[in-house]
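At position 580 of the first sequence the residue is numbered 812 (my numbering), and the sequence of numbers has no breaks.
Where a beta carbon is used, it is the ideal one built from N, C-alpha and C, also for glycine.
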Amino acid sequence: MRLSKLIGRRIKEKPKDAELVSHIYLQRGGYVRQVSTGIFTLLPLAKRITAKIEKIIREEMNAVDGQECLMPVVLPRELWEESGRYQAVGKELVRFKDRNGKDLLLGMTHEEAVVHFARTEVNSYKQMPIMTYQIQTKFRDEPRSRGGLIRVREFTMKDAYSWHTTQECLETYYQKVHKAYEKIFFRAGLSNCISVESDTGMMGGAKAHEFMAVCDAGEDTLILCPKCGYKANKEVAKAIVQYHKEAEQPLAEIHTPNCKTIEEVAAFVKVPEHKTAKAVCLRSGDNEPLIFVVIRGDLEVNEAKLRKAAQLKNIEMASEFEIRNIGAEPGYAAPMDIDLNKVKLVIDKSIIESNNLVCGANRVDYHRTGFNFMRDVASKHSQYIVADIASVREGDLCVECSTPLQVRRGIEVGNIFQLGTKYTASMAHTYLDENSKEQIPLMGCYGIGVGRLMASVIENQHDNYGPIWPISIAPFEVHLNALTYSDEKVKTAAESLYASFISQGLEVLFDDSDGKPGSQFADADLIGVPFRVIVSLKTLEQNSVELKIRGQKTSEIVALDAIIPTLKSRIAEAHQKLSCSC
RNA sequence: CGGGGAUUAGCGCAGUGGUAGCGCGUCUGUUUCGGGAGCAGAAGGUCAAGAGUUCGAAUCUCUUAUUCCCGACCA
233 MRLSKLIGRR IKEKPKDAEL VSHIYLQRGG YVRQVSTGIF TLLPLAKRIT AKIEKIIREE
293 MNAVDGQECL MPVVLPRELW EESGRYQAVG KELVRFKDRN GKDLLLGMTH EEAVVHFART
353 EVNSYKQMPI MTYQIQTKFR DEPRSRGGLI RVREFTMKDA YSWHTTQECL ETYYQKVHKA
413 YEKIFFRAGL SNCISVESDT GMMGGAKAHE FMAVCDAGED TLILCPKCGY KANKEVAKAI
473 VQYHKEAEQP LAEIHTPNCK TIEEVAAFVK VPEHKTAKAV CLRSGDNEPL IFVVIRGDLE
533 VNEAKLRKAA QLKNIEMASE FEIRNIGAEP GYAAPMDIDL NKVKLVIDKS IIESNNLVCG
593 ANRVDYHRTG FNFMRDVASK HSQYIVADIA SVREGDLCVE CSTPLQVRRG IEVGNIFQLG
653 TKYTASMAHT YLDENSKEQI PLMGCYGIGV GRLMASVIEN QHDNYGPIWP ISIAPFEVHL
713 NALTYSDEKV KTAAESLYAS FISQGLEVLF DDSDGKPGSQ FADADLIGVP FRVIVSLKTL
773 EQNSVELKIR GQKTSEIVAL DAIIPTLKSR IAEAHQKLSC SC
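Dropping the structure here:
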């Protein structure tokens, strides 16, 4: 490919709306162009990269006996009603009508579509385990997409689905896919990728992991143990909380003028914050009871954990009106005195494990001391949920090995779920077992965001000039520069090299632009090809060219007749480093 | 869905009431060059759209659209 003909021009300045490094370089290097919010065109450079990523994915999916298929983007409402998700999923699912008024939707994930065909194609225990996958466009009408290709509305996703007769089979296969994913990310050169325990969200199912590219640009918060390797998304992370119990004291009301926050109350009463309790009022919908959460004052409620524990879909802050409506006072709320029949009471484990806490008194400027939940509330009202709904904080102790935990950010590049029978049961997918008995198969599902993976590699591997692509997904293997192309000697030598690179099967991008050296090098850096061959009068005098490796400062002079074997062996070496024995 | 910005040439921006500018890019010459170099010239704009105020609007007012950031949300 000649750079002069490549579609997608490099731009010098930082695009106005780009913030993330990956977004900036993808735009500046001419990889992508934004069409609308969260909707991008992939230009040739990006397309070449994603094609290579997809090839790696195909190889590894095929290696675990995945069979590629292709499902439709547009799906009928009825199919999604079978699983219940037509109603359950919010506005991110795009629904529309065809000319006959038939309800359709844009597939955002394909459990329904895959079960649609699997229930007629997979109905014998002899077929399982079995897996199918596709690489296909998804559309999710995200309420807020951002960050270039990190969070988009339309994107290419590899989604895979497997069926199993037993939980053991599912788990064994799940581990196999986990391994396959490790290989994929390793081969793609995403060196900062780890897997963490994750929430199953609306996908449902028992167990799930997310593959996270650890970097500051990430949107997810990860809790990591530096010693034992415990890794979890903050949404599900657990930590050891130190509990303090002592001889019970009676409940007593105290005057606490101008003490609304836990900090103020603890300071006023002269107790540590972990000797206080706080109440948080939340709502999950217009006709739903308020959620009254009580947690120790020094801890924060983790909404994802709360959602799971209380089986709630949406959570938002309750209004002051709603709080007063149940008999509580904003800033001074406590589970005593209020109308507990009007609320869903959720108690963090820290409250059960502590006593003699300072809590609100449901009237302004008053608190109570000596709060003991079991004695003061549970003895009169038995309807409540106890769960661990506290957010893990940096420095909290690991549940596995008591080491202080670290907090990091991560980009979710892939996820794997054990779905169980959620979709097979609701959509009546059955098979016959060895006793000719009808059974419901278990499912797993496995996703990878292709474009997000590409962007994550940039976030992880770049310098001040542009991306540094791993050879396995680089748009080209070799970038050939002709410095002073208009000079006949240079032109002849460069054209001849270009022709022989091509005939030797090298993927080469040839800068025949006659641009200034600075401009050529800047372009080459933005394109980020691993090996750069520079032809100039200076080195041609010695019958040689310059070989530079992207991301390294130094370069070497290689004789003209040695450049092809040198390149070939260097490229092979680079591939070798990314070939996976894991 | 809340809060805050933005919208003027392909890109990045200036222009606060008198009829449109700069840099980069593009094109034509010239220079023959090692980190976006210089010189000379050229093309390129319904100032997001609509309505209003005014003798006169890119500029003031209102409405709408698009878009970005923060938050909510997120398979």
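Distance, residue j Cα to residue i Cα
i: residue 664; j: residue 671; result: 6 Å
i: residue 208; j: residue 811; result: Lying before the first or after the last residue shown, residue 208 is absent from the chain, which here runs from 233 to 814.
i: residue 348; j: residue 312; result: 10 Å
i: residue 815; j: residue 310; result: What the structure shows of the chain is the stretch from 233 to 814, and residue 815 is not part of that stretch, so it cannot be assessed.
i: residue 634; j: residue 476; result: 17 Å
i: residue 454; j: residue 355; result: 40 Å
i: residue 481; j: residue 473; result: 23 Å
i: residue 320; j: residue 375; result: 16 Å
i: residue 337; j: residue 418; result: 35 Å
i: residue 516; j: residue 332; result: 36 Å
i: residue 329; j: residue 585; result: 54 Å
i: residue 729; j: residue 262; result: 25 Å
i: residue 717; j: residue 805; result: 31 Å
i: residue 746; j: residue 286; result: 35 Å
i: residue 387; j: residue 725; result: 42 Å
i: residue 484; j: residue 254; result: 58 Å
i: residue 780; j: residue 799; result: 11 Å
i: residue 851; j: residue 404; result: Because the chain is modelled from 233 through 814, residue 851 falls outside the range shown and cannot be assessed.
i: residue 681; j: residue 523; result: 35 Å
i: residue 519; j: residue 323; result: 19 Å
i: residue 361; j: residue 293; result: 14 Å
i: residue 284; j: residue 706; result: 8 Å
i: residue 452; j: residue 709; result: 33 Å
i: residue 314; j: residue 325; result: 16 Å
i: residue 470; j: residue 624; result: 6 Å
i: residue 495; j: residue 704; result: 53 Å
i: residue 501; j: residue 487; result: 10 Å
Residue i and residue j closer than 9 Å at C-beta
i: residue 364; j: residue 393; result: yes
i: residue 252; j: residue 380; result: yes
i: residue 645; j: residue 340; result: no
i: residue 531; j: residue 464; result: no
i: residue 651; j: residue 676; result: yes
i: residue 698; j: residue 757; result: yes
i: residue 536; j: residue 468; result: yes
i: residue 396; j: residue 674; result: yes
i: residue 420; j: residue 295; result: no
i: residue 823; j: residue 389; result: The requested residue 823 is not part of the displayed model; the chain covers only 233 to 814.
Local conformation of residue i per DSSP, three classes
i: residue 717; result: coil
i: residue 709; result: coil
i: residue 604; result: coil
i: residue 372; result: coil
i: residue 511; result: strand
i: residue 294; result: helix
i: residue 661; result: coil
i: residue 365; result: strand
i: residue 395; result: strand
i: residue 453; result: strand
i: residue 319; result: helix
i: residue 647; result: strand
i: residue 549; result: strand
i: residue 743; result: strand
i: residue 306; result: strand
i: residue 240; result: coil
i: residue 671; result: strand
i: residue 656; result: helix
i: residue 263; result: coil
i: residue 388; result: strand
i: residue 727; result: helix
CB-CB length for residue i against residue j, believed under 8 Å
i: residue 642; j: residue 450; result: 4 Å
i: residue 342; j: residue 391; result: 6 Å
i: residue 238; j: residue 276; result: 6 Å
i: residue 700; j: residue 760; result: 6 Å
i: residue 542; j: residue 507; result: Rounded, the Cβ-Cβ distance is 26 Å, inconsistent with contact.
i: residue 447; j: residue 692; result: 6 Å
i: residue 511; j: residue 533; result: Residue 511 to residue 533, Cβ: 10 Å. No contact.
*Check whether the segment 712-724 touches the segment 751-771, counting contact only when three or more Cβ pairs, one atom from each stretch, lie closer than 8 Å.*
yes
*Do the segment 563-572 and the segment 606-622 meet, that is, are 3 or more Cβ pairs less than 8 Å apart?*
yes
*Validate contact between the segment 681-688 and the segment 644-661 using beta carbons, cut 8 Å, 3 pairs*: yes
*Indicate whether the contact test is met: 3 or more Cβ pairs, each with one atom in the segment 425-434 and one in the segment 596-603, closer than 8 Å.*
no
*Give a yes or no on contact between the segment 546-558 and the segment 585-599, applying the rule of three or more CB pairs nearer than 8 Å.*
no
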